[in-house]
Structure formats: C-alpha cells, structure tokens
Amino acid sequence: GENVEQHPSTLSVQEGDSAVIKCTYSDSASNYFPWYKQELGKRPQLIIDIRSNVGEKKDQRIAVTLNKTAKHFSLHITETQPEDSAVYFCAASIPNSGYALNFGKGTSLLVTP
Amino acid sequence: DAGVTQSPTHLIKTRGQHVTLRCSPISGHKSVSWYQQVLGQGPQFIFQYYEKEERGRGNFPDRFSARQFPNYSSELNVNALLLGDSALYLCASTEGVGPWGQETQYFGPGTRLLVL
Numbered sequence: 001g002e003n004v005e006q007h008p009s010t011l012s013v014q015e016g017d018s019a020v021i022k023c024t025y026s027d028s029a030s031n032y033f034p035w036y037k038q039e040l041g042k043r044p045q046l047i048i049d050i051r052s053n054v055g056e057k058k059d060q061r062i063a064v065t066l067n068k069t070a071k072h073f074s075l076h077i078t079e080t081q082p083e084d085s086a087v088y089f090c091a092a093s094i095p096n097s098g099y100a101l102n103f104g105k106g107t108s109l110l111v112t113p
Numbered sequence: 114d115a116g117v118t119q120s121p122t123h124l125i126k127t128r129g130q131h132v133t134l135r136c137s138p139i140s141g142h143k144s145v146s147w148y149q150q151v152l153g154q155g156p157q158f159i160f161q162y163y164e165k166e167e168r169g170r171g172n173f174p175d176r177f178s179a180r181q182f183p184n185y186s187s188e189l190n191v192n193a194l195l196l197g198d199s200a201l202y203l204c205a206s207t208e209g210v211g212p213w214g215q216e217t218q219y220f221g222p223g224t225r226l227l228v229l
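Sequences listed follow chains C and R, in order. Its first residue numbered 1, the first sequence is counted upward by one per residue in the numbering used here. Its first residue numbered 114, the second sequence is counted upward by one per residue in the numbering used here.
What follows is the structure, encoded as structure tokens:
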C-alpha cells in the first residue's frame, strides 16, 4: 500500500521563527495533499491543502509546496506563535479509494515564547 | 451549523466483545470515511463510503465492518475485540461532489475505545 513519510517527528522553535515540515509519498497517482493540525484531545482540523495541478499555495502565515516529480510536499509556517504548538499531520489521497487519505505519523511542534 | 458528530464519545469493552460506533456527517455531505488513530500515530484509513456504497477499504481484518444509511449516517462495527483495538476512532465527512480524491475531509470528535 501507499506510504506517507513525515519528518521531523518533533520540532521546537522560538516564537517568531519559521517551521518547516516535510513529507514524501509513494504513489504517483495521489492527487490531493492536505495538512491537519491536531491539538491534544481534539479532532484533526484542516489548515491548508494542495491539489496536484498546483505547485504552491499560501494562506497568511502558512504555505504548502508540492514537487510531483520528487513526490514530496512541505508545510511552512512563518512568524510562529505559541498557539501554533500542536501535532501536524500531512496526508495524501489514496488512488481508487474515493476520498480516503493516507496520513503521516505526525510532527509535534512546540513554539516557545 | 452542525459539524460531524460521533457517538458515543468514550467506550470501555472487554476482549471478545463487539462494538458499534456511529457517525453523522455534515448536512448535505454524501461521503463518510472511518479512521483509527492509535496514541502517538497518524489516523489510519479503515473504510470509505459514498452514496451507501463502499469505495475504499484499508488494511484491517474482517472483524471490522461498516455501512452507510440512506440519510448518509454511518456505523462502524468491530467484532471479537482485541486489546490492540484500543484507539480513537475518527469519522470524516466529505461533500462528495468533486473529483475522486480531491475533496476536503472534515473530522468528527472521535470515539475513544478502550479494550480491557
């Protein structure tokens, strides 16, 4: 089956710095790549997504880039704030499975004041 | 504006028992997916339903089954529970009008299952 690898597993940055999380996927037929933020004890919340016909997407302090040739995509958070602290998951659509997603193992981001 | 709802919120069972988890999607959404999230891991895909038909199945044993009803709500059933089935079970709702694989999934709060 398809795998999604996510790195790093933990990331600690100071407030105001940038954070970058990287993911790779194995099935070239994947065409949708969302990122979710999950706070402790809460449901995953979509923060940004990108489709395979787009190379980059930005929403305020958050941006995602996609390299289809290399099969990797990245999340960039600029001007980090303590409330950005959470676990972030990348995901890739599973071909021939409707809207199903394969998730990475997550990155625990800690932003210290 | 009701989001995805799941019931129950918490459940404790013993090995060998069976469990039924329920999910109601966002109004107007036609697709439901089920995921298992073990502590410290990402959600793992179990089933995906669209218009009451199974569209995808993850790598889970036959003890896991699901169905979607005419009102688009869904049930996940797990038989012969094992200790390893202890996890957060998440339901995700998708509108289901766009191209396959390219629509946003909205997650419910989950059902936390503990098997003793």
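All residues carry an ideal CB built from backbone N, CA and C; glycine is no exception.
With contacts defined as CB atoms closer than 8 Å, TRP147(R) and LEU189(R) qualify as a contacting pair. Contact of PHE89(C) with chain R by beta-carbon distance below 8 Å involves GLY155, PRO156. For THR112(C), the enclosing beta strand (DSSP E) begins and ends at 107-112. Non-local beta-carbon contacts of LYS165(R) in its own chain, meaning distances under 6 Å to residues more than five positions away in sequence, involve GLN181 in chain order. Here the C-alpha atom of THR133(R) lies approximately 7 Å from the C-alpha atom of VAL191(R).
Per the C-alpha coordinates, the member of TYR32(C), LYS58(C), LYS57(C) positioned closest to GLY211(R) is TYR32(C). Chain order gives the chain R residues near LEU101(C) as PHE158, GLN218, where near means a beta carbon separation below 7 Å. It is roughly 9 Å from the alpha-carbon of GLY98(C) to the alpha-carbon of GLN215(R).
Chain C has a Cβ within less than 8 Å of the Cβ of ARG168(R). For THR118(R), there are no C-beta contacts with chain C under 9 Å, since the nearest C-beta of that chain is about 11 Å from it.
Under the three-state reduction of DSSP, ASP198(R) is assigned to helix.
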